[in-house]
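Peer 1: Mapped onto our numbering, the consecutive letters of the sequence shown carry residue numbers 5 to 130. Glycine residues also receive a C-beta, built at the ideal position from the N, C-alpha and C atoms. All figures in this text were calculated on a predicted structure; none of them were measured in a lab.
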Amino acid sequence: MERLLGLGEHVLRYWERELPILSPSRSPFGRREWSASDISLLLRVRHLVKDRGLGLSATMDRLIAERSGSGADAAASLSEVRAALVSAYFESRAIADSLCHRIEPRRIAAHNAITKTEVPLAGSER
Numbered sequence: 005m006e007r008l009l010g011l012g013e014h015v016l017r018y019w020e021r022e023l024p025i026l027s028p029s030r031s032p033f034g035r036r037e038w039s040a041s042d043i044s045l046l047l048r049v050r051h052l053v054k055d056r057g058l059g060l061s062a063t064m065d066r067l068i069a070e071r072s073g074s075g076a077d078a079a080a081s082l083s084e085v086r087a088a089l090v091s092a093y094f095e096s097r098a099i100a101d102s103l104c105h106r107i108e109p110r111r112i113a114a115h116n117a118i119t120k121t122e123v124p125l126a127g128s129e130r
C-alpha cells in the first residue's frame with residue numbers, strides 16, 4: 005500500500021489514527037486488509053493533503069461533506085462528467101487516428117510527386 009500511495013508506513017498509520025473514516029479490516033493475523041473503497045478513500049486523502057495542502061481536520065470535514073447531502077450529489081455529478089469526458093477523449097483519439105491513417109498516404113504521395121518534379125534553379129538555363 006505504501007508503494008501505491010508513495011507514502012511511508014508511518015504516515016498511513018498516523019492518518020488511520022487521526023481519520024476515523026479510515027478503518028481497514030484486519031486479517032486473522034492482524035494485518036491490515038485494504039478494500040477497493042479503502043484504497044479509493046486513501047487516494048482521495050492523499051490528494052487533499054499532499055496536492056491541495058489541506059490539514060487532516062479539513063480533509064476529514066471535506067470527506068464528510070462529499071459523502072453526505074449535496075456533497076454526495078456533487079461527487080456523483082462529477083463522476084458522471086468525468087466518465088463522459090473520458091469517453092469523449094477516447095472517441096476523439098479514435099477519430100484522429102483514423103484521419104491520420106487516411107491523410108498519411110496522400111501526404112506521402114504528394115511529397116513524392118513534388119520531389120520527382122525538377123524545378124530549374126534561378127539563373128540556370130537549359
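DSSP on residue 41, reduced to helix/strand/coil?
Peer 2: helix
Peer 1: Would you check whether the ligand GTP has a heavy atom nearer than 7 Å to the C-beta of residue 11?
Peer 2: Absence of the ligand GTP from the depicted structure is noted, as is the absence of any ligand whatsoever, leaving it without description.
Peer 1: So, helix, strand or coil for residue 27, using DSSP?
Peer 2: Collapsing the DSSP output to three states places residue 27 in coil.
Peer 1: Out of curiosity, what's the CA-to-CA distance linking residue 108 and residue 69?
Peer 2: 51 Å
Peer 1: According to DSSP, is residue 71 helix, strand or coil?
Peer 2: helix
Peer 1: How about the segment 55-74 and the segment 21-32: do they share at least three Cβ pairs that are nearer than 8 Å?
Peer 2: Taking a contact to require three or more Cβ pairs closer than 8 Å, the segment 55-74 and the segment 21-32 qualify as touching.
Peer 1: Nearest to residue 19 by CA position, among 112, 46, 117 and 92, is which residue?
Peer 2: 46
Peer 1: Can you list the alpha helix (DSSP H) stretches of 4 or more residues lying completely in the segment 47-119, in chain order?
Peer 2: Entirely contained in the segment 47-119, the alpha helix (DSSP H) runs reaching 4 residues are, in chain order, 60-71.
Peer 1: Run through the DSSP bridge pairs and tell me what residue 36 is partnered with.
Peer 2: The partner list for residue 36 (beta bridge, DSSP) reads 30.
Peer 1: Would you kindly work out how many angstroms separate the C-alpha atoms of residue 30 and residue 53, rounded to a whole number?
Peer 2: Between the alpha carbons of residue 30 and residue 53 lies a distance of about 25 Å.
Peer 1: Which residue marks the beginning of the alpha helix (DSSP H) containing residue 9, and which one marks its end?
Peer 2: 6-9
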